[in-house]
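Novice: Let me give you the structure first, and then I'll get to my questions.
Chains as they are written, first to last, in the numbering used here: chain P, 119 to 208; chain A, -13 to 145.
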């Protein structure tokens, strides 16, 4: 599945999130292609994606997207990311 | 491409340990000044980091107490590097879940790749309760670099 991690600039927090999402996906046995995007290009990039992961502040900006958006509170908490990823793919 | 390491990305000049800031703007200003002191950015980058939060909100507060202040690659970025601002008193950024912030990490990147290894080490160290505590109480840049360097990064193993 295609997962996009979205942050404001596409180089900072989304990179952090991507690392933890890749780890969580591999632990869950999900074959995931994880990419990053900034908020400006995220809506376009979302069209080819199965899931968007981002922070609460940016989720509102993406609310129009047809792709499901999952809000992550703590980008460093692999437990939270794993749990929410598992829930999203059920 | 040259990949940054902990020692090149975090030289002594970029640390502010137990800095005093009365607002998130003041905290980001210190993070920007330290990036400039490290030779990583021009002072214009500080304003770019502050503008990013003004526009997009406090999304840079990625975990309880921790903000990753940054903008994007621009002419204001001279080299890839970071700054480390530990606040003497935590500051509110307006984050619903992760306030107040005790650590502001400034990030300047020339491209989307060079800082990934260092970010991975930082993420692993900050997520580990033992290392996190060591980073809170460390008294010198040397101790902080040693803690970050001793943290194994699972994402990079086997790649």
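Cβ coordinates follow ideal geometry from the N, Cα and C atoms, glycine included.
Would residue 24 (chain A) pass as a contact of residue 69 (chain A) if the rule is Cβ separation under 8 Å?
Specialist: Numbered from its first residue, the second chain carries residue 24 (chain A) at position 38. Numbered from its first residue, the second chain carries residue 69 (chain A) at position 83. Yes; because the gap between Cβ atoms is below 8 Å, this pair is in contact.
Novice: Taking all protein chains shown into account, do 16 or more other C-beta atoms lie within 10 angstroms of the C-beta of residue 104 (chain A), making it buried, or fewer, making it exposed?
Specialist: One-based indexing of the second chain puts residue 104 (chain A) at position 118. Counting of Cβ neighbours within 10 angstroms places residue 104 (chain A) among the buried residues, the total reaching 16 or more.
Novice: Looking at the unbroken alpha helix (DSSP H) that takes in residue 138 (chain P), where does it start and where does it end?
Specialist: Within the first chain, numbered from 1, the residue matching residue 138 (chain P) stands at position 20. 131 to 146 is the extent of the alpha helix (DSSP H) around residue 138 (chain P).
Novice: By the 10 Å Cβ neighbour count, where 16 or more other Cβ atoms means buried, how is residue 21 (chain A) classified, buried or exposed?
Specialist: Indexing the second chain from 1 puts residue 21 (chain A) at position 35. Counting Cβ neighbours within 10 Å, residue 21 (chain A) comes out buried, since at least 16 surround it.
Novice: Strictly below 8 Å CB to CB, what residues from chain A border residue 196 (chain P)?
Specialist: Counting from one through the first chain, the residue named residue 196 (chain P) turns up at place 78. Under the 8 Å cutoff, chain A gives 113.
Novice: Excluding the 5 residues flanking residue 140 (chain P) on each side, which residues of the same chain have their C-beta closer than 8 Å to its C-beta?
Specialist: Here the question's residue 140 (chain P) lines up with position 22 in the first chain. Hits under 8 Å: 150, 152.
Novice: Does the distance from the CB of residue 90 (chain A) to the CB of residue 13 (chain A) come in under 8 Å?
Specialist: Here the question's residue 90 (chain A) lines up with position 104 in the second chain. Here the question's residue 13 (chain A) lines up with position 27 in the second chain. Result yes, Cβ atoms of residue 90 (chain A) and residue 13 (chain A) sit closer than 8 Å.
Novice: State whether the region 126 to 144 of chain P contacts the region 200 to 208 of chain P, with contact taken as three or more CB pairs (one from each stretch) at a distance under 8 Å.
Specialist: Taking 8 Å as the limit for Cβ pairs, the verdict is that the region 200 to 208 of chain P does touch the region 126 to 144 of chain P.
Novice: Taking three-plus beta-carbon pairs below 8 Å as touching, is the region 157 to 167 of chain P in contact with the region 125 to 132 of chain A?
Specialist: no
Novice: Exposed or buried, what is residue 34 (chain A) when buried is set at 16 or more other beta-carbons lying within 10 Å of its beta-carbon?
Specialist: Position 48 of the second chain, counting from 1, holds the residue named residue 34 (chain A). Residue 34 (chain A) comes out buried.
Novice: Let me check one thing: in DSSP terms, what residues is residue 68 (chain A) bridge-paired to?
Specialist: Residue numbering aside, residue 68 (chain A) sits at position 82 when the second chain is read from its first letter. In the DSSP output, where bridge partners are listed per residue, residue 68 (chain A) has A:93.
Novice: Leaving out five residues before and five after residue 120 (chain A) in sequence, what residues of the same chain have Cβ atoms less than 7 Å from its Cβ?
Specialist: In the second chain, residue 120 (chain A) corresponds to position 134, counting from 1. Hits under 7 Å: 133.
Novice: Just to make sure I have the definition right: I need the residues of chain A whose C-beta is within less than 9 Å of the C-beta of residue 123 (chain P). Which are they?
Specialist: As a first step, residue 123 (chain P) must be located in the first chain, where it is residue number 5. Near residue 123 (chain P) there are no residues of chain A at all, since even the closest Cβ is about 11 Å away, more than 9 Å.
Novice: What does the alpha-carbon distance come out to for the pair residue 142 (chain A) and residue 181 (chain P)?
Specialist: Taking the second chain and counting its residues from 1, the one referred to as residue 142 (chain A) is at position 156. Taking the first chain and counting its residues from 1, the one referred to as residue 181 (chain P) is at position 63. Residue confidence is low: residue 142 (chain A) scores 44 on pLDDT, short of 50, so the model does not pin down where it sits. Its coordinate-derived value is still stated next. The alpha-carbon atoms of residue 142 (chain A) and residue 181 (chain P) are separated by roughly 33 Å.
Novice: As a quick exercise: from A:16, A:-4, A:108, A:99, pick the residue whose alpha carbon is nearest that of residue 128 (chain P).
Specialist: Here residue 128 (chain P) corresponds to residue number 10 of the first chain, with the count starting at 1. Out of A:16, A:-4, A:108, A:99, A:99 has the C-alpha closest to the C-alpha of residue 128 (chain P).
Novice: List the endpoints of the continuous beta strand (DSSP E) containing residue 120 (chain P).
Specialist: Within the first chain, residue 120 (chain P) is the residue found at index 2, counting from 1. Note, residue 120 (chain P): beta strand (DSSP E), 120 to 125.
Novice: Leaving out five residues on either side along the sequence, give the residues of the same chain with a beta carbon under 6 Å from the beta carbon of residue 48 (chain A).
Specialist: For the purposes of this step, residue 48 (chain A) is taken as the residue at position 62 of the second chain. Counting only Cβ-Cβ distances below 6 Å, and skipping sequence neighbours, we find 54.
Novice: Given a limit of 7 Å on CB to CB distance, which residues of the region 167 to 193 of chain P reach chain A?
Specialist: Under the 7 Å Cβ criterion, the region 167 to 193 of chain P contributes 173, 174, 175, 176, 191, 192, 193.
Novice: Just verifying my parser: in three-state terms, what is the DSSP assignment at residue 102 (chain A)?
Specialist: The count along the second chain starts at 1 and reaches residue 102 (chain A) at position 116. In the structure shown, residue 102 (chain A) sits in a helix (DSSP, three-state: H, G or I).
Novice: Secondary structure at residue 50 (chain A), three-state DSSP: helix, strand or coil?
Specialist: The count along the second chain starts at 1 and reaches residue 50 (chain A) at position 64. Three-state result, residue 50 (chain A): coil.
Novice: Do you know how far the Cα of residue 126 (chain P) is from the Cα of residue 132 (chain P)?
Specialist: Start at 1 with the first residue of the first chain, and residue 132 (chain P) comes out as number 14. Start at 1 with the first residue of the first chain, and residue 126 (chain P) comes out as number 8. If you take the alpha carbons of residue 132 (chain P) and residue 126 (chain P), they lie about 8 Å apart.
Novice: Quick check: the Cα distance between residue 136 (chain A) and residue 184 (chain P), rounded to an integer number of angstroms?
Specialist: Here residue 136 (chain A) refers to the residue found at position 150 of the second chain. Here residue 184 (chain P) refers to the residue found at position 66 of the first chain. Between residue 136 (chain A) and residue 184 (chain P), the C-alpha separation is close to 43 Å.
Novice: Over the uninterrupted alpha helix (DSSP H) stretch that includes residue 172 (chain P), give me the two end residues.
Specialist: If you number the first chain from 1, residue 172 (chain P) lands on position 54. Per DSSP, residue 172 (chain P) belongs to no alpha helix (DSSP H); it is in the beta strand (DSSP E), 169 to 172.
Novice: Under 8 Å by Cβ, that's how I've got residue 96 (chain A) and residue 66 (chain A) pegged, so tell me the actual separation to the nearest angstrom.
Specialist: Taking the first residue of the second chain as 1, we reach residue 96 (chain A) at position 110. Taking the first residue of the second chain as 1, we reach residue 66 (chain A) at position 80. So it is a contact: roughly 5 Å between Cβ atoms.
Novice: Need the endpoints of the beta strand (DSSP E) that residue 39 (chain A) sits in, please.
Specialist: Counted from its first residue, the second chain places residue 39 (chain A) at position 53. Note, residue 39 (chain A): premise wrong, no beta strand (DSSP E); alpha helix (DSSP H) at 30 to 42.
Novice: Tell me the residue span of the beta strand (DSSP E) that contains residue 5 (chain A).
Specialist: On the second chain, position 19 is the one that residue 5 (chain A) refers to. Here the beta strand (DSSP E) through residue 5 (chain A) covers 1 to 5.
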